[in-house]
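Residue 219 in the UniProt record's numbering sits at position 219 of the sequence shown; the count goes up by one each step and never skips.
Every residue, glycine too, gets a C-beta built ideally from N, C-alpha and C.
This one's a predicted model, so the numbers in the text were calculated from it and none came from an experiment.
Single-structure report; data block below.
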Amino acid sequence: MSFEKTLTAVGLQYTPPSPSPQRMLKDRFSVLNSECSQADWHRKFVSPAIRHKEYDLCIDELAPRGHSNIFTGQLLTKDFCSQAIGLAEEAAAWTNDRHENYPTTDVLISDLGLNALYENNVLSEYIYPLAKQLWRLVGKEWDPQNRVSETFLVKYSPDTQAHLSLHHDSSDYTCVVALNDEFEGGGTYFDRQQLLSNGGVGSFTLHPGNITHRHGARAVTAGVRY
Numbered sequence: 001m002s003f004e005k006t007l008t009a010v011g012l013q014y015t016p017p018s019p020s021p022q023r024m025l026k027d028r029f030s031v032l033n034s035e036c037s038q039a040d041w042h043r044k045f046v047s048p049a050i051r052h053k054e055y056d057l058c059i060d061e062l063a064p065r066g067h068s069n070i071f072t073g074q075l076l077t078k079d080f081c082s083q084a085i086g087l088a089e090e091a092a093a094w095t096n097d098r099h100e101n102y103p104t105t106d107v108l109i110s111d112l113g114l115n116a117l118y119e120n121n122v123l124s125e126y127i128y129p130l131a132k133q134l135w136r137l138v139g140k141e142w143d144p145q146n147r148v149s150e151t152f153l154v155k156y157s158p159d160t161q162a163h164l165s166l167h168h169d170s171s172d173y174t175c176v177v178a179l180n181d182e183f184e185g186g187g188t189y190f191d192r193q194q195l196l197s198n199g200g201v202g203s204f205t206l207h208p209g210n211i212t213h214r215h216g217a218r219a220v221t222a223g224v225r226y
């Protein structure tokens, strides 16, 4: 009696898992890369004009200094701005009903995966300390770790929402950042001060909220403003 030993080869095929949508976005949009060092992130996405934090050297006031309380400067690089726009357009999550009285066509940056990075690397590092210095704000409530922000990306175009009516913000202060310049018209107009802010890519406008600085967005007549 003989026995025949039969070996059956079993082939195992390994298919690597598909990368998650968030991983794919990080590969295409490096602004989302939370794994790089903070210093590297700042060098790539924060304007060198403000990185040294010597604000008296890099911040200007609209109109004669001491009169308008509207401050401008360079904050972000063109790379950051173009990637933020790309993320917003790819997400296609625009809303127009988040604000009851003066709604904008916008998307929260938390819906783009940008909120923590922007809060930690931009607002807490530069804008909160700048506001505290400019307006001599005293108290722990003005420290970066105690601030609460709502950051969103707004879109204006002639065939959707071209402008935003004059209004007061409900914030302590507001920081508006220009993400592009491929449009005509536009800009933030302050009616009491009779001043228009319409800076270049990556520039910001910082002004008090509430009752002193009513403002609106002038109509975009061509192109798209972000």
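Endpoints, the beta strand (DSSP E) within which residue i is located
i: glycine 185; result: 183-185
i: proline 208; result: 203-208
i: glutamine 74; result: 71-74
i: leucine 57; result: Element bounds for leucine 57: not the beta strand (DSSP E) but the alpha helix (DSSP H), 55-58.
i: alanine 49; result: Run containing alanine 49: none in the beta strand (DSSP E); it sits in the alpha helix (DSSP H), 48-51.
i: tyrosine 173; result: 173-177
i: serine 157; result: Per DSSP, serine 157 belongs to no beta strand (DSSP E) and is neither H nor E.
i: leucine 196; result: 195-197
Three-way DSSP call (helix, strand, coil) for residue i in this model
i: tyrosine 189; result: strand
i: methionine 1; result: In this predicted model, methionine 1 has a pLDDT of only 40, less than 50, meaning its place in the structure is not dependable enough to derive any value.
i: tyrosine 226; result: coil
i: leucine 32; result: helix
i: leucine 117; result: helix
i: histidine 215; result: strand
i: valine 220; result: strand
i: serine 170; result: coil
i: serine 165; result: strand
Neighbourhood of residue i by C-beta distance below 7 Å, restricted to the same chain and skipping five residues each side
i: proline 103; result: Asn96 and Asp97
i: proline 158; result: Val220, Thr221 and Ala222
i: serine 171; result: Gly209
Own chain residues within Cβ distance below 6 Å of residue i, not counting five before or after
i: leucine 108; result: Phe152
i: proline 144; result: Ser124 and Tyr128
i: proline 17; result: Any reading at proline 17 must be qualified, since the residue scores a pLDDT of 49, below 50, and its modelled position is unreliable; the value itself is stated next. The answer is none, since no qualifying residue turns up.
i: isoleucine 85; result: Leu179 and Tyr226
i: alanine 49; result: Cys58 and Gln74
Cβ-based neighbour list, residue i, same chain, cut-off 8 Å, excluding 5 preceding and 5 following
i: histidine 42; result: Arg51, Asn121 and Glu125
i: isoleucine 211; result: His168
i: tryptophan 135; result: Tyr173 and Pro208
i: leucine 195; result: Leu62, Ala63, Ser68, Ile70 and Tyr189
Endpoints, the alpha helix (DSSP H) within which residue i is located
i: alanine 39; result: 38-45
Original post:
Considering only residues of the stretch 84-114, which uninterrupted alpha helix (DSSP H) runs meet the minimum length of 4 residues and lie entirely inside it, listed in chain order?
Top reply: none
Original post:
Residue ranges of each alpha helix (DSSP H) run of no fewer than 4 residues wholly in the stretch 119-153, ordered along the chain?
Top reply: 128-134
Subject >> Touching by the beta-carbon criterion (3+ pairs, under 8 Å), the stretch 157-166 and the stretch 30-41 >> reply: no
Subject >> Stretch pair the stretch 112-121 + the stretch 61-70: three plus CB contacts closer than 8 Å >> reply: no
Subject >> the stretch 44-60 in contact with the stretch 177-186 per 3-pair CB rule at 8 Å >> reply: no
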